[in-house]
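Enquirer: For the sequence shown, numbering that gives the first Met the number 0 begins at 0 and goes up steadily by one.
Every residue, glycine too, gets a C-beta built ideally from N, C-alpha and C.
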Amino acid sequence: MISQNTIQQILGRLDIIDVIGGFVKLKRRGSNYLGLCPFHNEKTPSFTVSPAKELYKCFGCGRSGNAISFIMEHEKYSYVDTLKWLAARYGIEIEETFQSDEQRQTQLAADSLFIINQFARDFFVKQLFETEEGRDMGLSYFKERGFREEIINRFQLGYSPEQRDAFTKEAVAKQYSAELLVKTGLVVNRNDQLMDNYRGRVIFPVHNHSGKVVGFGARILKGNDKAPKYINTPENEIYIKSKILYGSYFARQAIDKADECLLVEGYTDVVSLHQAGIENAVASGGTSLTPDQLRLIKKYTNNLTIVYDGDTAGVKAALRGLDLALEEGLNVKLVLIPDNEDPDSYVNKVGAGKFKEFVQKSKKTSSCFSLRWL
Ligand code: ZN
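1) On the three-pair Cβ rule with 8 Å, is the region 230 to 242 touching the region 262 to 277?
2) Let me know the secondary structure DSSP gives residue 357 once reduced to three states.
3) Taking only the alpha-carbon atoms, compute the straight-line gap between residue 45 and residue 37 and give it to the nearest angstrom.
4) Using the beta-carbon count (16 or more within 10 Å), is residue 182 buried or exposed?
5) For residue 94, which residues of its own chain have a beta-carbon under 7 Å away from its beta-carbon, when the five flanking residues on both sides are left out?
6) Quick check on DSSP: helix, strand or coil for residue 7?
7) Go to residue 298, then tell me how far its beta strand (DSSP E) extends in each direction, as first and last residue.
8) When you compare the CB positions of residue 85 and residue 19, do they come within less than 9 Å of one another, or not?
9) Tell me which residues share the same chain as residue 187 and place their Cβ nearer than 7 Å to its Cβ, disregarding the 5 neighbours each side in the sequence.
10) Would residue 358 pass as a contact of residue 304 if the rule is Cβ separation under 9 Å?
11) Got a list of residues with beta-carbon closer than 6 Å to any non-hydrogen atom of the ligand ZN, in chain order?
12) Could you check whether residue 159 and residue 198 sit closer than 9 Å to each other, using their CB atoms as the reference points?
13) Cβ of residue 253 within 9 Å of Cβ of residue 279?
14) Taking 8 Å as the cut-off, does the region 57 to 72 touch the region 13 to 27 (at least 3 CB pairs, one atom from each stretch)?
15) Would you mind giving the Cβ-Cβ distance between residue 75 and residue 298, rounded to the nearest angstrom? I have them listed as a contact below 8 Å.
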């Protein structure tokens with residue numbers, strides 16, 4: 000719990016023009032400020048902020064509130080996360096009221112895991128762009144898939160070299176503890192020897208809703224029947240598979256604006272759709288949908304469109320997701336991609352315009368769909 004003292008300090012420092020101005024371009028108009036509303040699409044500004052009242056109001060969509068509710072609404076943060084965000088912005092140290100030893104240990108471990116993941120992400124990005132192996136193996140793989148550099152940078156994609164301990168060596172030199180390194184899944188312990196877990200793979204960092212790296216998906220490059228196509232981070236203090244949607248950090252504002260979330264299956268589907276400008280897409284990351292993931296979607300919109308492969312496995316996965324989504328009270332539509340394509344290959348083949356058109360045209364309401372398929 001954040002102490003009352005800290006909350007008072009934050010409220011004391013809070014400047015609504017400064018906070019909202021970080022997200023919306025505001026122009027002075029008399030005693031108020033005016034800008035384009037971030038919550039609905041508009042061409043003439045009707046979003047008004049009053050520094051005197053410390054309130055904002057949009058005369059287009061009717062949303063209103065104070066600086067704290069603005070951050071909660073805009074960033075989809077909880078109240079506590081909003082206070083933490085503001086404290087960081089104003090350099091206020093957070094004083095916590097009572098924490099048990101166990102809570103403190105968990106918090107410490109989580110903080111360390113975030114730091115190691117950030118270090119690893121930077122390492123993999125550097126390998127991808129600045130080493131010959133990275134460019135020959137990793138970058139050329141991404142380029143073959145049609146990923147342009149801008150999208151590779153945005154999603155912070157990387158490459159883990161084939162050498163058995165390239166990452167481990169650097170991490171140990173940084174004095175990260177072996178126990179925590181193993182916990183992140185980046186490093187494995189084989190016969191008392193630490194080695195890299197994602198050797199010779201391209202890396203997809205997985206971000207939480209505030210953009211911090213909670214884990215990684217690592218895709219194999221060389222054909223090998225024994226090795227799994229993807230290795231994912233094991234469950235730990237910060238990587239809780241059932242609560243993560245890949246791409247949610249990059250998609251949240253587009254989902255909000257479109258009032259629709261597209262759910263696809265894989266990392267590459269998300270990256271390709273975002274590259275094509277379809278930015279309201281997230282993936283469940285290879286697991287079947289969970290109630291927690293659906294609740295995460297519900298924070299942004301009630302309209303979920305599941306876009307899966309039209310093959311039998313895709314249909315089955317879609318149907319499992321459908322029942323759960325209905326239980327959670329979402330409006331669910333289903334779109335199956337034809338001709339053995341997945342969203343990734345299909346958007347690359349037909350382009351963004353045709354893809355959107357296809358999704359709009361093929362949306363089936365859940366009840367029609369169930370009747371047809373069940
Ligand atoms: Zn508005």
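Expert: From the atom records:
1) no
2) helix
3) 10 Å
4) Burial call: buried.
5) 2, 4, 5
6) helix
7) Looking at the DSSP string, residue 298 is not in any beta strand (DSSP E), and its letter there is neither H nor E.
8) no
9) Cβ neighbours of residue 187 beyond the five flanking positions: 181, 194, 196.
10) yes
11) 36, 38, 39, 46, 57, 59, 60, 62
12) yes
13) yes
14) yes
15) 5 Å
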